[in-house]
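Okay, structure first, notes after.
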Amino acid sequence: MLKTKIISALLAALMLTSAAFISACGKSETSPADDPGATEAETTAPETLSELEARAAVPDELPEADFGGYNYRIVCENDQSWYYYNEEQTGDVINDAVFLRNAAVGERFNFELTMANCSDYGANGSFMQKAVLAGDDAFDLACSHIVNISGLVLKDIFMNWYDIPHINFEKPWWSRSNIEDLTYSGVAILGIGDYALSAIGRTYCMFFNRQLAETYGIEGIYDTVMDGKWTIERLSELTKDIYQDLNSDEKRDVEDFYGFATGVNSNIGAYLWAFDNPICKKDDDGNISVVMATPKMSSIVETLNKIMWENQGTYYNKNHVSKIDNLGTHVGGRDLFIYGRAIFANGYLDQAIDFFRDIEDDYGIIPYPKWDENQVDYRSLVDGNHAALALPKTTQDLERAGIIMEALNAEGYKTVVPVYIETALKVKYARDNESVQVLDMLIANRFFDFGYAYDNWNGGSFWLEGLIQGNKNDWESHYAKNEKRMLKHYDKVFAYFDEVATG
15 MLKTKIISAL LAALMLTSAA FISACGKSET SPADDPGATE AETTAPETLS ELEARAAVPD
75 ELPEADFGGY NYRIVCENDQ SWYYYNEEQT GDVINDAVFL RNAAVGERFN FELTMANCSD
135 YGANGSFMQK AVLAGDDAFD LACSHIVNIS GLVLKDIFMN WYDIPHINFE KPWWSRSNIE
195 DLTYSGVAIL GIGDYALSAI GRTYCMFFNR QLAETYGIEG IYDTVMDGKW TIERLSELTK
255 DIYQDLNSDE KRDVEDFYGF ATGVNSNIGA YLWAFDNPIC KKDDDGNISV VMATPKMSSI
315 VETLNKIMWE NQGTYYNKNH VSKIDNLGTH VGGRDLFIYG RAIFANGYLD QAIDFFRDIE
375 DDYGIIPYPK WDENQVDYRS LVDGNHAALA LPKTTQDLER AGIIMEALNA EGYKTVVPVY
435 IETALKVKYA RDNESVQVLD MLIANRFFDF GYAYDNWNGG SFWLEGLIQG NKNDWESHYA
495 KNEKRMLKHY DKVFAYFDEV ATG
């Protein structure tokens with residue numbers, strides 16, 4: 015009976031999502047019945063699968079298994095627990111999709127998903143390290159802050175994903191970055207899969223208020239993006255002179271109106287990857303090296319300092335404190351956008367769900383700008399507080415671990431991610447169909463840099479935001495001063511991967 019209810023609920027949710035998605039997006043191809051040159055065979059051919067049908071049709075190729083009611087224990091951050099585990103359905107579409115995913119996979123393989131530890135990432139890290147080093151089989155899966163958990167990797171407490179049976183990084187529920195960026199010497203310790211929904215929700219993007227943009231004569235933003243002309247120079251041109259001292263106190267503060275509003279931390283650091291200037295890069299032979307010090311880095315620093323510190327139309331406040339939730343300098347852009355006091359603001363996708371539901375004006379979602387028009391793609395950093403997936407070395411049954419993990423990611427890809435993107439962002443919360451195309455591009459262009467993932471606050475991933483906070487343009491001297499320490503850190507990471515590879 016339970017299995018029947020779960021399947022019925024999943025089908026109902028998918029039917030609703032499919033209907034909404036088709037309604038929002040329409041069809042891009044001419045029907046054969048409308049084509050006078052179409053043959054009878056062509057007109058009777060089955061229609062192309064919808065996005066949802068195509069996802070559902072991808073086989074996970076997992077064997078049948080019965081794990082006898084096993085208690086599968088996860089570790090995750092307390093501010094992200096709803097991504098991974100919900101005790102009951104609440105009527106919220108995403109919450110219910112997560113619940114049904116877990117119930118369906120649990121029913122299929124006869125196991126129960128529970129929490130082993132749910133705290134902040136520091137406490138979670140201590141819990142996991144203590145347990146594994148003591149040989150205590152205390153948890154089955156880590157879903158934790160990628161920058162923090164990377165430090166635990168060097169403690170040798172996690173397994174190589176390539177040693178786990180039934181894990182197939184070629185499947186669409188695993189990020190391509192697992193192979194292209196996060197595998198070194200045939201080793202991948204941290205994985206990015208669709209069970210870790212925060213790896214989508216924490217993707218950096220920009221929001222713009224369509225009504226305010228129109229008021230200030232700013233038009234064709236989506237055309238600019240799709241034509242590949244959305245650059246940092248264009249953002250500056252559009253916003254640098256838009257400022258109003260709304261409270262007439264002759265002070266530039268949160269009560270005023272700006273063309274562009276931003277936080278001062280990782281919101282700024284994200285430009286490094288938006289400008290296609292990663293910390294590390296893999297060559298054609300599979301070797302990863304540190305490539306941060308490109309010829310354009312000095313220009314990147316100077317350009318951002320000018321926009322943040324000199325442009326009248328930019329809200330960039332190192333002392334910002336939110337009146338919404340008491341958060342600090344991360345959320346300056348988010349807050350002014352909510353207040354309707356900024357045309358453009360940066361943030362990440364989750365904010366559209368968590369904070370922008372009640373915004374009366376229509377808004378659009380676009381990527382961070384490129385460095386220049388010669389740059390091929392828009393690139394999207396995912397904030398470091400998104401979860402990476404890792405399996406502890408205390409894992410008792412590799413077969414069980416692989417089947418459950420592959421199944422949870424596959425079911426997430428088929429049922430949760432569509433609800434999150436197509437329903438929550440595209441149909442329910444995003445306010446225009448052009449956002450649909452851009453959101454697809456944002457998700458496709460997520461970038462998980464090896465240097466960022468394994469930074470652990472010892473690499474170079476956070477230098478850019480620090481230079482901008484200090485309004486310092488001396489990139490060359492900063493790099494020279496810190497290069498040795500950074501390279502020493504990454505050498506330790508590379509050495510560990512080589513050690514794992516050689517057994």
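Numbering of the sequence shown is given in our numbering, commencing with residue 15 and proceeding in unit increments. Quick reminder that beta carbons are idealized off the backbone N, C-alpha and C, glycines included.
In whole angstroms, what separates the C-alpha of residue i from that of residue j?
i    : j    : result
V107 : W96  : 12 Å
L196 : S262 : 51 Å
N92  : G165 : 20 Å
R460 : Y329 : 26 Å
D297 : D372 : 46 Å
D368 : I418 : 30 Å
I435 : E479 : 29 Å
R224 : A70  : 35 Å
E513 : V201 : 10 Å
D364 : G378 : 14 Å
W477 : E251 : 26 Å
D151 : T128 : 15 Å
L501 : V304 : 8 Å
L147 : M173 : 13 Å
E264 : D270 : 10 Å
R266 : D339 : 22 Å
R499 : G473 : 8 Å
G465 : D80  : 40 Å
S520 : A213 : Here the chain covers residues 15 to 517 and nothing more, so residue 520 does not appear.
Q410 : E497 : 41 Å
K169 : S191 : 23 Å
K495 : D74  : 49 Å
G517 : Y353 : 56 Å
I235 : A359 : 14 Å
M211 : G136 : In the sequence as presented, Met is not what sits at residue 211; that position holds Leu. About 20 Å.
D380 : G82  : The question names Asp, but residue 380 in the sequence shown is Ile. Going by the C-alpha atoms only, they are around 47 Å apart.
V119 : Q94  : 20 Å
F35  : S64  : In this prediction, F35 scores a pLDDT of 42, lower than 50, which makes its location untrustworthy; no coordinate-derived value is stated.
Give every residue of the same chain whose Cβ lies closer than 7 Å to the Cβ of residue i, excluding the five residues on either side of it in the sequence, and list them in chain order.
i    : result
E102 : F113
D463 : D195, W287, P292, I293, C294
C90  : Y98, C132, C157, S158, A401
Q326 : K254, D255, Y257
P186 : V72, Y427
L407 : The sequence shown places Lys at residue 407, rather than the Leu named in the question. So the qualifying residues of the chain are V146, I171, F172, M173.
R216 : Y362, D364, V396, D397, N399, H400
E374 : none
F511 : Y198, S199, V201
Can residue i be considered in contact with the ligand SAM, in the sense that its beta carbon sits closer than 8 Å to one or more heavy atoms?
i    : result
V167 : The ligand SAM is absent from the structure shown, which contains no ligands of any kind.
Excluding the 5 residues flanking residue i on each side, which residues of the same chain have their C-beta closer than 6 Å to its C-beta?
i    : result
W244 : T238, P383
D469 : V161, S475
I163 : A402
V315 : L481, N487, W489
Y493 : A307
L226 : I357
A515 : S199, G200, V201
N279 : T343, H344, E479
D454 : none
N331 : G346
N485 : N319, W323
Which residues in the same chain as residue i place their Cβ atom closer than 8 Å to its Cβ, once the five residues preceding and following it in sequence are excluded?
i    : result
N388 : none
K310 : F289, N291, W385
K41  : For K41, the pLDDT reaches just 34, beneath the cut-off of 50, and the residue's location in the model is therefore unreliable, leaving the point undetermined.
Is the separation between the beta-carbon of residue i and that of residue j shorter than 9 Å?
i    : j    : result
G277 : V335 : no
N333 : T317 : no
L395 : Y218 : yes
R87  : F153 : yes
F125 : N85  : yes
V452 : M240 : yes
Y230 : G300 : no
Y427 : V72  : yes
A284 : D397 : yes
R355 : L260 : yes
A111 : V430 : yes
My understanding is that residue i touches residue j, with C-beta atoms under 8 Å, so please give their C-beta distance in whole angstroms.
i    : j    : result
M220 : I482 : Going by Cβ atoms, the distance from M220 to I482 rounds to 17 Å, so no, they are not a contact pair.
D275 : F351 : Position check: residue 275 holds Ala in this sequence, whereas Asp was assumed. With 8 Å as the limit, A275 and F351 qualify as a contact, their Cβ atoms being about 6 Å apart.
E420 : N182 : 7 Å
S416 : P179 : What sits at residue 416 in the sequence shown is Gly, not Ser. Right, the Cβ-Cβ distance comes to about 4 Å (below 8 Å), so this counts as a contact.
F508 : I357 : Going by Cβ atoms, the distance from F508 to I357 rounds to 44 Å, so no, they are not a contact pair.
W188 : N423 : 7 Å
L204 : L405 : Going by Cβ atoms, the distance from L204 to L405 rounds to 10 Å, so no, they are not a contact pair.
D349 : V268 : 7 Å
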